[in-house]
Amino acid sequence: MNTPSFLIQSLLEKMESADKDLRFMATYDLIMMLKKDYVIMDENTTRKVAMMVPMLTQDQNASVQTLAVTCLCLLVQKVKETQVEVIVDTLCVSMLTGSNKFRDMSGISLGKVIKEFSSLTVSPVIIQVFQRLTTQLVDAIERHHDVSVQIEALDILPQVLSRLGKALLDVQIPVLHCLISVLTTPNSTLRKRAINALGCLVSSCNGDILSLLMDHLLTGIRSHRSFSTIKTYIQCVTTIGKMACCHIEKYLEQIILLLGQVCSMEDEDLRENCFYAYEVFTRRYSRELDPFIPSITKMCLQYLAYDPIYGNNSEGATDDQPDSSDEAAEQESDDQFSDDDDDDDMSWKVRGAVAKCLDAVICTWPNQLLEFYHTLSPALIDRFREREENVLAKIFDAYISLLKQTQYTKDRLQIVMAKDRESTPLLMLQDQVPHIVNALYQLLMSKNNKVRQGCVTLLIELCNTLPGSLTEHVPVLVPGIAFSLANKLHPSMRFDTLFFFHTLLTTHPCEAFQPHIAALLPSVMVCLGDPLNKISSEALLVTQQLVMVLRPLGGASHFDARPHVRQIFTAILDKLKATHPDQKVQEQALICMGQVVCHFGDHLGDELEPTLLILVEKLKHEISPLTTVKAVTLVADCSLKVDLGPLVGEALPILVPFLQTNEWSLKTATLTALKTLMRRHSAGLTPAAVEVVLAQLPVLISDRDMHISEVIVSFLTTVAQCHLDSLTKVSDSLLPKILELIYSPLLHTGALPTITDFFRAWVGPGSYVELMSQLIDPIYDSSASALELPKQTYNSVATCVAALTSSCPREVPGTVRRFVQDAQSPSSSPAVKVLAFFVLAELRQDVRREEHPELKDVLLGALSSPSQEVKEAASYALGFVGAANLSDYLPRLLKEIIIPSRRQYLLLQSLKELIGTAPAKTLRPYVEAIWALLFIHCKDAADWGQSVVAKCLAQLVLVDPGQLLPRLRVKLLSDSPNIRGTVVTSVKFLIFKSVQPIDDLLEDCIGDFLETLQDSDFNVCQVALALFIILAHNKPSLIRDRLDTLLPHVYIKTKVCRALIREVEMGPFKHRVDDGLDLRKTAFECLYTLLDSCLDKLNIYEYLEHVEEGLNDHYDIKMLIFILLNRLSKLCPLDLLPKIEGLLEPLRIICTSEIPSSPIWHHLTSSPVQIFPPRG
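Okay, so the sequence shown: first residue is 1 according to the UniProt record's numbering, each after it adds one.
Encoded structure:
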């Protein structure tokens, strides 16, 4: 006997001991052994363990029972199929025939065992085991006299069906008949569990079984007279709707009509379940229910105000509404007589279900916002006087969903929704704001905390959706805000109110709040002293905004803030001096004091200097001085006439060491503070102090941290404007570092303008020559490998040269003359010529054809240079210089393009730059000539030619889109696939993220361009898919309403086309080449892009079918599918669940595949397992 078997035998003996501790330890030790992969048991030991462990689930000790359940889960993974059969049979018998005391534990154990199996991985033997188990469960449900046994069986049956349903097709019919019979039993517990089991059954059954079930349920709803049975059937249909996914569409019309008929029955429970069913089907089958949404909405509006106790208008329903004494007495009398009715009234459940259904409708159909604001919004606002707080909360949630949808779609669907500029959702919401406020202002004074929180949440969303909309209603809202802030019994309500007040202050003009400061400020000051850090911190944020409201520095304000300054200052100073344990409160107090000094420094009098010294002390001694640095920046940026000498003189030497820290955010904040001090208080800074700061900067300027370098250069620009002499003294160390940035390939376009601003501030008549020399000498140095410099470097240097030259107008003619000579000189190196061409392009407005008539021939001649860099630079310069001298350059350029030559591509690039740079007005006389020329060249152009011609066409269309876009559409009828492909490609360059005038024209004709998805030419389809991606990403509003016709063509492109697969002989081997792979990859990229912009327009189940097919495609396609599935799991996890079994097996194969042990980096990074890195 091997060692593991011997040890297990001893554990089995201990499990039979009378000592519970021995049994517990033996079970625990067995669990530890089973977790080890190397433990292998012989057949005899396995049989004994499989018999003993299920018996331990009946142990008298609960701890032993719990361990036995855990042990079973590990055991079924180790033992053979025959032992699994023993375990399952033992647990089933114990559950069905054992004592009540141990029945629950047997059921739990059986459920845990079932979860270890799946229909995709089980063997035929295991399938037979669970078929027998299912038969036993069905028999117990039908025949057992004990209800508790039936309940246990109905608890286990859904678990079997959900895990192994597809492997149990032979027993699904008996299961169906059994569960249908339970639906009419009088026991509600059995009915609920039967409904759950039916939901699990339909998730794996075939269409015939689903048809039998649905026909039975729908017939029962029509014909049955028992409200209880009808309610059960409706609940069952709703559950099936959740689980059956795409198989139920053909029944939707019958279901919706039947639910409408049932709603007319006088039973609140039935109506509640009907509207719950509406909600479920609305969320799950939004696309299929589109024709029925008007009728569903109409029915919801009918029952939203359903209140038979008070009448449908619910007059007097809100206890918090102020009444006259007579009305209050009458209401009290009515309440006394209606107490019994209120207890029996269940109509609130109907109204709550209706509110949730409306929420689903709003979330599912954002394209119907205009209609919702016509119909739903007024009805929901009217129901803000709902008397039941739970229903009112759901009504608030529905209206908040409406606001969120408005905010979500106001940018993305702007073109679609704004055709009628007088009736956009935002304008309609603006018109309804007074009604919202009138309905909510009394609720803000309610004694019900939940009601007030709902009001505040809704108002916050309104502020975010429509900033400034509550400006006229601030006087009405102020009492409610003050009331909630004064209530100390509900801290969460105070925090929510502070958050709302802060949102209100940041989204509305200051003038709206100034008359109400006296009413609001005391409550905020009380919140500052709240012992809860969360409230105190939020109150400090509100105080910061109030300071800016009291005295806005940006514009003229006639409000006298002096009476409130002392109260705010004292409260903040106390917070600042206190040793508060919460760091966030301390940081907010520092920022708040910075705002106070910045806005009220001239009102503080003798208190100003001690306050500045406190900030200096905080700057010296804070462990994390970042917040203090930001506060100092605020104070230094003060535009008031106050003496900040104590701060300016002390802060500078303290700030300088912070530049050497490793904390990136502190370093950035310090540079910002130094720049502010230099800009505002340069007179108070001595040259020696400035030089100390400048001495620290050269080591920080590096392309390894381009952002820090950009901030430093911006600071140096300020120094050049204020202390130029100090900057000149350290120029020998600073300028080389800045030149390194210019020559760095990592210099991005955002940092380049900062450097050019610095040169403009520094350069002068006396320093121009020296600066120019240092800037361009590295390129003019013949010993340097200048040709190895990236193209971006020449462009950066040329931009800086243009900035220097533009700052010294007298130097412009000489500079232009010099670079023209360098461009045409035979002795100039290729690097010098490249720089010269880029500089001339930057100085194009100063290059006049009268002064340099030879330049045109120089540029055209350079297109034949042996250096590719020179040719590209000359092409670039030809376009830009030609745009400034259109009448002289453009005719010659068109003439050169007509002549066939190797430089046609470069000439077309020049034409592209010229069209994009020249003013549209001056270009219009040449449009016809350019148009004809472009179509001549795109007919026979290669791929690179099509791309540049397409860009030229796009820029040309923008010159006169009203005339040229229709002509471009006509070219789609051309017989040449090259012309069709070029036309479709050109439309890509007409799509912009921001709103453009051409968008309205594109909306009318974009369908014609996308019809090329059906083109017979492979390449045209490829560029049509690329256009589809651009539209889905930047302008989804142009394709959303066309997806029904477009998506089938995209889906076709995801399938493997055998005609595009060819075999290539490579010596003795044959290699298969799939020419359609790129097309399929582009099609799947289309599908991925649609998830962000058009998810609500997709039939997700049809979509998933094509995604599932892609898992069996090429490796590159699989990579796209994995990313797509990851995105889907976050956006619509519930829709993904019904298809999960078909997706899991390919994923399992990938995840269990071994990564090659080869150290080759390509093998490691190309492993599909890397797509989903481990978390934790």
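Each residue gets a CB set at the ideal place from its N, CA and C atoms; glycine is no exception.
Per-residue burial, residue i [other beta carbons within 10 Å of its own, 16 or more giving buried]
i       : result
Val69   : buried
Cys1151 : exposed
Phe6    : exposed
Pro54   : buried
Ala18   : exposed
Glu315  : Residue confidence is low: Glu315 scores 44 on pLDDT, short of 50, so the model does not pin down where it sits. No coordinate-derived value is stated.
Asp326  : Any reading at Asp326 needs caution, since the residue's pLDDT is 39, under 50, leaving its predicted position unreliable; the model's value is listed next. Per the 10 Å Cβ criterion, exposed.
Arg225  : exposed
Glu388  : buried
Phe117  : buried
Pro736  : exposed
Tyr38   : exposed
Extent of the continuous beta strand (DSSP E) run through residue i
i       : result
Ile1061 : Ile1061 to Met1066
His145  : Segment: none, His145 is in no beta strand (DSSP E) and carries neither H nor E.
Lys1035 : Note, Lys1035: premise wrong, no beta strand (DSSP E); not H, not E.
Lys1070 : Phe1069 to Asp1074
Limits of the alpha helix (DSSP H) - the one that residue i falls within
i            : result
Phe501       : Pro491 to Thr507
Arg680       : Trp664 to Arg680
His937       : Val927 to Cys938
residue 1182 : Nothing in the structure corresponds to residue 1182, since the chain is present only between 1 and 1176.
Glu842       : Pro830 to Glu842
Arg1080      : Leu1077 to Ser1093
Pro1133      : Pro1133 to Leu1136
Cys463       : Asn449 to Thr465
Val858       : Leu855 to Ala862
Val987       : Pro977 to Lys988
Ile572       : Arg562 to Lys577
Among the options, nearest to residue i - alpha-carbon criterion
i            : options                               : result
Asp155       : Asp215, Leu1125, Leu110 and Leu956    : Leu110
Arg924       : Glu896, Val957 and Ser947             : Val957
residue 1177 : Gln1022, Pro1068, Thr1054 and Arg1072 : In this structure the chain extends from 1 to 1176, so residue 1177 is not present and cannot be described.
Val182       : Gln453, Leu169 and Asn196             : Asn196
Arg47        : Val84, Ser286 and Phe281              : Val84
Glu272       : Lys231, Arg283 and Leu520             : Lys231
Val797       : His748, Pro813 and Arg817             : His748
Glu617       : Lys584, Leu655 and Asp606             : Leu655
Val987       : Ile31, Ile1030 and Gln583             : Ile1030
Glu279       : Gly241, Met265 and Leu258             : Gly241
Lys856       : Gln514, Tyr1115 and Glu896            : Glu896
Gly981       : Thr668, Ala1024 and Ser401            : Ala1024
Ala244       : Pro610, Arg222, Leu213 and His1049    : Leu213
Leu685       : Leu739, Leu666, Ser709 and Ser726     : Ser726
Leu546       : Phe501, Lys1118, Tyr38 and Glu587     : Phe501
Ala877       : Val847, Thr364 and Ser557             : Val847
Arg704       : Phe384, Leu671, Arg1080 and Leu741    : Leu741
Phe1084      : Val171, Leu1104, Phe1069 and Cys236   : Leu1104
Chain C within 8 angstroms of residue i, Cβ atoms only
i      : result
Met593 : Here chain C cannot be found, since the structure has a single protein chain.
Inset, instruction - Kindly confirm or deny that the region 1079 to 1091 and the region 350 to 357 touch, where touching means at least three C-beta pairs closer than 8 angstroms. - result: no
Legend entry - Completely contained alpha helix (DSSP H) runs for the region 601 to 671, where each covers 4 or more residues: 608 to 621, 626 to 636 and 645 to 655
Legend entry - At least three beta-carbon pairs within less than 8 angstroms, the region 999 to 1014 to the region 1073 to 1082: no
Legend entry - Ordered list of alpha helix (DSSP H) runs contained in the region 43 to 128, each at least 4 residues: 43 to 56, 62 to 78, 81 to 97 and 100 to 114
Inset, instruction - Evaluate the contact criterion for the region 515 to 523 versus the region 482 to 491: three or more CB pairs, one atom per stretch, below 8 angstroms. - result: yes
Inset, instruction - Could you tell me whether the region 156 to 176 touches the region 200 to 212, using the rule of 3 or more Cβ pairs below 8 angstroms? - result: yes
Inset, instruction - Check whether the region 641 to 661 touches the region 678 to 693, counting contact only when three or more Cβ pairs, one atom from each stretch, lie closer than 8 angstroms. - result: yes
Inset, instruction - Kindly provide the ranges of any alpha helix (DSSP H) runs that are 4 or more residues long and lie completely inside the region 717 to 782, ordered along the chain. - result: 724 to 729, 731 to 743, 752 to 762 and 768 to 780
Legend entry - Length at least 4, wholly inside the region 880 to 935: the alpha helix (DSSP H) runs in chain order: 886 to 898, 904 to 917 and 920 to 923
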